[in-house]
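Chain order of the listed sequences is G and S.
Under my numbering, think of the first position of the first sequence as 129, with each following residue one higher.
Under my numbering, think of the first position of the second sequence as 67, with each following residue one higher.
The beta-carbon is built from N, C-alpha and C at its ideal position, and this holds for glycine as well.
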Amino acid sequence: MTARLPSLLLLLILLAGWEGWCRFGGLSPLVLPPPSAVLVTLGGEIASGRLWPHLAVTAAEMALGLGIGALVGLGTGILLAEVPALSRLLRPYVLASQLVPKLALGPLFIIWFGFGMTPTIVITALICFFPLMETTLTGLGEVDAARRDLFRMLGASRLQTLLRLKLPTALPVIMAGLRVAVVLALVGAVVGEFIGGRSGLGASIIAAQSVMDSSLIFALFIVITALGMLLYETVRLVERRVLRRFSKG
Amino acid sequence: MPTDPLPTDPSAPGFVAVERASYRYQAGGPAVVDGVDWAIPRGEIHCLLGRSGCGKTTLLKLAAGLLLPSGGAIRIGGEALRGPSPRAGFVFQAPTLLDWLSALDNVLLPVSLKRRPTAADRAAARDLLARVGLADLAERRPRELSGGQRSRVAVARALIGAPDLLLLDEPFAALDALTREELQDDLLRLCALHGTTALFVTHDIGEAVYLGDCVAVMAGGRLTQARRIALPRPRLPALRYTPAFAAACRALREAMDGETGPASRRPAA
């Protein structure tokens, strides 16, 4: 706690500066609402219960998109690492699919999947897929030749070598990819909702913008950031558990 | 004369028989191992001595079946190798332990890749760990062990399946001199226990003489010398300071100096 004290203090100083600037700088609250007004709005949204359904939608989109994207990314990474011929064949296409701006695919996904959660989940999954695939591919390739020779000497099957040597070795790298994916998942979910969402935190931002409620927009920023930090810390926790089991030490 | 020059006799049926084996990384490229003949009778420890890059690790991998010869053949117990030999245990230059397993589970790895280890397997692994002085450290992970202790776990792992043949690739090269000597004694005791045949690659003359019944010198992909080491067994640490031991080392050193190619010959003093 003592270690976090300085950064907490910095936050208070920044908030005080912001508040002071809004009150005495003659700034319109439409342009920049003071933090006190933002907190009041946030409290009102929480108390009225209007916030929860949107939070639930965004959290669900994020979780589903992250889960699907991470699993498919992991599977693809394993497949490409294990079958180099397939990797040579598909890598350019996988790369191209990632260089297409995925948010620009949003309108197309709305045509394909309709409005609602599905297009956002697909966009989020597409975004989360890449870091997992790349880190899996890299991590699996990092197993040193001597340990591979050891498993060959011991007559290990390909599946055994994958499950008992390559994946445990690659796990720290894969977990780092998962942490990147978590951050991207939040962006994917919120921005996906900008395009086609009817509910969710991103859709709420668009709705607040249409009535120029900048204080609500800021309140939603706080909620989105909190959601992201919560998920990130959860993944860190899982990571620490997994690595304690599977890593050095 | 403690060592007498004695080329390995191709007519003697060795347990391990290397017959005109050669290996090239690319077809048409230079031979890393160039027509090597070698026979290791059952129960003997042979050392392969040479400078870095002379092809000794490649020859060892050929004997393990990790590489297949471009020409010639390797036979173990009369059977030509077509892949990694299940009868051989291999100890690598680095201990190559799995960081996420305890010392005991690392020793049990060869078993657990084939079946679920039984209580008897665990007892055997603990026994091996005790024989290399790690009885109390069985539950530790590799990171919590010293370099010498990790090497001991690696040796125990290579011996868990009671292999007929033990192949070792400079396993103690990274250890300090005292630890290295202790491990050499451990290895001799373990090999004597089941009469294990061993092929030990090293660049350390003293190590080769102390361990080997026969020491072959390799240079430029060929065996240039093979000498029997006529020192008594069991070999005990005091042997290292006897004149006979020193003479054997000197003879090998002279053999190595005489056989280096012009490219690696030092300038005349």
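Best match in the options for proximity to residue i [C-alpha to C-alpha]
i                 : options                                   : result
Arg246 of chain S : S:Lys180, S:Glu110 and S:Leu277           : S:Leu277
Leu134 of chain S : S:Glu210, S:Arg90, S:Ala204 and S:Leu200  : S:Arg90
Ala165 of chain G : G:Ala304, G:Ala144, G:Leu312 and G:Leu227 : G:Ala144
Gly131 of chain S : S:Arg153, S:Ile111 and S:Leu115           : S:Arg153
Leu297 of chain S : S:Phe311, S:Leu289, S:Cys315 and S:Ala304 : S:Phe311
Ala186 of chain S : S:Leu164, S:Ala201 and S:Ile226           : S:Ile226
Ala83 of chain S  : S:Thr263, S:Glu273 and S:Arg216           : S:Thr263
Leu305 of chain S : S:Val221, S:Ser168, S:Gln250 and S:His260 : S:Gln250
Arg364 of chain G : G:Ala313, G:Arg307, G:Phe322 and G:Val311 : G:Arg307
Leu158 of chain G : G:Pro181, G:Ser338 and G:Thr263           : G:Ser338
Gly121 of chain S : S:Arg181, S:Val267 and S:Val281           : S:Val267
Leu259 of chain S : S:Asp202, S:Glu205 and S:Pro229           : S:Pro229
Phe374 of chain G : G:Ala284, G:Gly324, G:Leu291 and G:Leu208 : G:Leu291
Ile295 of chain S : S:Met284, S:Leu289, S:Ala274 and S:Gly287 : S:Ala274
Leu115 of chain S : S:Pro300, S:Ala191 and S:Asp279           : S:Asp279
Arg178 of chain G : G:Leu358, G:Phe237, G:Gly356 and G:Ala347 : G:Ala347
Ile206 of chain G : G:Trp180, G:Thr263 and G:Met357           : G:Thr263
Ala284 of chain G : S:Gln215, S:Ala204, S:Leu203 and S:Arg181 : S:Arg181
C-alpha distance - residue i paired with residue j, whole-angstrom precision
i                 : j                 : result
Gln291 of chain S : Gly109 of chain S : 21 Å
Thr204 of chain G : Leu231 of chain G : 22 Å
Leu233 of chain G : Ile251 of chain G : 8 Å
Thr289 of chain G : Phe349 of chain G : 46 Å
Leu170 of chain S : Glu210 of chain S : 13 Å
Arg223 of chain S : Leu133 of chain G : 50 Å
Val228 of chain G : Cys256 of chain G : 14 Å
Ser118 of chain S : His269 of chain S : 7 Å
Ile352 of chain G : Met261 of chain G : 26 Å
Ala329 of chain S : Leu371 of chain G : Low per-residue confidence applies at Ala329 of chain S: pLDDT is 44, beneath 50, and the placement is therefore not dependable, though the value from the model is reported in the following sentence. Approximately 49 Å, taken between the alpha carbons.
Leu278 of chain G : Leu179 of chain S : 12 Å
Arg368 of chain G : Ala213 of chain G : 35 Å
Ser233 of chain S : Ala313 of chain S : Contrary to the premise, residue 233 of chain S reads as Leu rather than Ser in this sequence. For Leu233 of chain S and Ala313 of chain S, the distance between alpha carbons rounds to 27 Å.
Ala331 of chain G : Glu189 of chain G : 13 Å
Gly138 of chain S : Val177 of chain S : 32 Å
Glu361 of chain G : Val311 of chain G : 11 Å
Ala184 of chain G : Gly328 of chain G : 7 Å
Leu318 of chain S : Ile142 of chain S : 27 Å
Glu320 of chain S : Leu200 of chain S : 39 Å
Ser215 of chain G : Leu302 of chain S : 55 Å
Met281 of chain G : Leu174 of chain S : 14 Å
Ala335 of chain S : Cys315 of chain S : Reliability of the predicted coordinates at Ala335 of chain S is poor, the pLDDT of 38 falling under 50, and no value is obtained from them.
Partner residues on chain G for residue i, Cβ-Cβ distance less than 7 Å
i                 : result
Asp130 of chain S : Here the sequence assigns Ala to residue 130 of chain S, which means Asp is not the residue at that position. Residues of chain G passing the Cβ test: Met281.
Leu318 of chain S : Those within 7 Å of Leu318 of chain S in chain G number zero; the least Cβ separation is about 28 Å.
Pro176 of chain S : Leu282
Residue i CB to nearest heavy atom of the ligand MG below 7 Å
i                 : result
Ala189 of chain S : Here there are no bound small molecules, and the ligand MG is not part of this structure.
Interface partners of residue i on chain G, CB under 9 Å
i                 : result
Thr162 of chain S : Asp272, Ala274, Arg275, Asp277 and Leu278
Phe266 of chain S : Near Phe266 of chain S there are no residues of chain G at all, since even the closest Cβ is about 16 Å away, more than 9 Å.
Where residue i meets chain S, residues with beta-carbon distance less than 7 Å
i                 : result
Ala284 of chain G : Leu179
Gln100 of chain G : The requested residue 100 of chain G is not part of the displayed model; chain G covers only 129 to 377.
Outcome for residue i when other beta-carbon atoms lying within 10 angstroms are tallied against a minimum of 16
i                 : result
Asp75 of chain S  : Here the model assigns Asp75 of chain S a pLDDT of 44, short of 50, so the residue's position is not dependable, and the following value carries that caveat. With fewer than 16 Cβ atoms within 10 Å of its Cβ, Asp75 of chain S is classed as exposed.
Val211 of chain G : exposed
Arg207 of chain S : buried
Ile83 of chain G  : With chain G covering 129 to 377 only, the question about residue 83 of chain G has no answer from this structure.
Gly377 of chain G : The predicted position of Gly377 of chain G is uncertain, since its pLDDT is 43 and thus under 50; a value taken from the coordinates is nonetheless stated next. Answer is exposed; the Cβ neighbour count stays below 16.
Leu167 of chain S : buried
Ser77 of chain S  : Low confidence applies here, because Ser77 of chain S scores a pLDDT of 43, under 50, leaving its location unreliable and the question unanswered by this model.
Phe152 of chain G : exposed
Asp323 of chain S : exposed
Glu236 of chain S : buried
Trp149 of chain G : exposed
Leu220 of chain S : In the sequence as displayed, the identity of residue 220 of chain S is Ala instead of Leu. Classification of Ala220 of chain S: buried, given that the 10 Å Cβ count is 16 or more.
Thr130 of chain G : exposed
Thr308 of chain S : exposed
Thr69 of chain S  : The pLDDT assigned to Thr69 of chain S is 41, lower than 50, so where the model puts this residue is not dependable; a value taken from the coordinates is nonetheless given after this. Classification for Thr69 of chain S: buried.
Ile271 of chain S : buried
Ala93 of chain S  : exposed
Val366 of chain G : exposed
Chain G contact residues for residue i, given Cβ-Cβ distances below 8 Å
i                 : result
Phe156 of chain S : Asp277, Leu278 and Met281
Pro152 of chain S : Gly283
Leu305 of chain S : Residues of chain G passing the Cβ test: none, with the nearest at roughly 32 Å.
Partners in chain S for residue i, counting only beta-carbon separations shorter than 9 Å
i                 : result
Gln288 of chain G : Leu179
task = Mind the definition here: the segment 283-301 of chain G touches the segment 256-273 of chain G only if three or more C-beta pairs lie below 8 Å; say whether that holds.
result = yes
inquiry  = Count Cβ pairs between the segment 157-177 of chain S and the segment 274-285 of chain G that sit closer than 8 Å; are there 3 or more?
reply    = yes
message = Whether or not the segment 314-332 of chain G and the segment 241-251 of chain G are in contact is what I'm after, with contact meaning three or more pairs of Cβ atoms, one per stretch, closer than 8 Å; do they touch?
response = yes
request  = Indicate whether the contact test is met: 3 or more Cβ pairs, each with one atom in the segment 179-198 of chain S and one in the segment 122-129 of chain S, closer than 8 Å.
outcome  = no
inquiry  = Would the segment 325-345 of chain G count as touching the segment 166-178 of chain G if we require 3 or more Cβ pairs under 8 Å?
reply    = yes
query = Counting Cβ pairs, one atom from each stretch, are 3 or more of them under 8 Å apart for the segment 87-107 of chain S and the segment 143-151 of chain S?
reply = no
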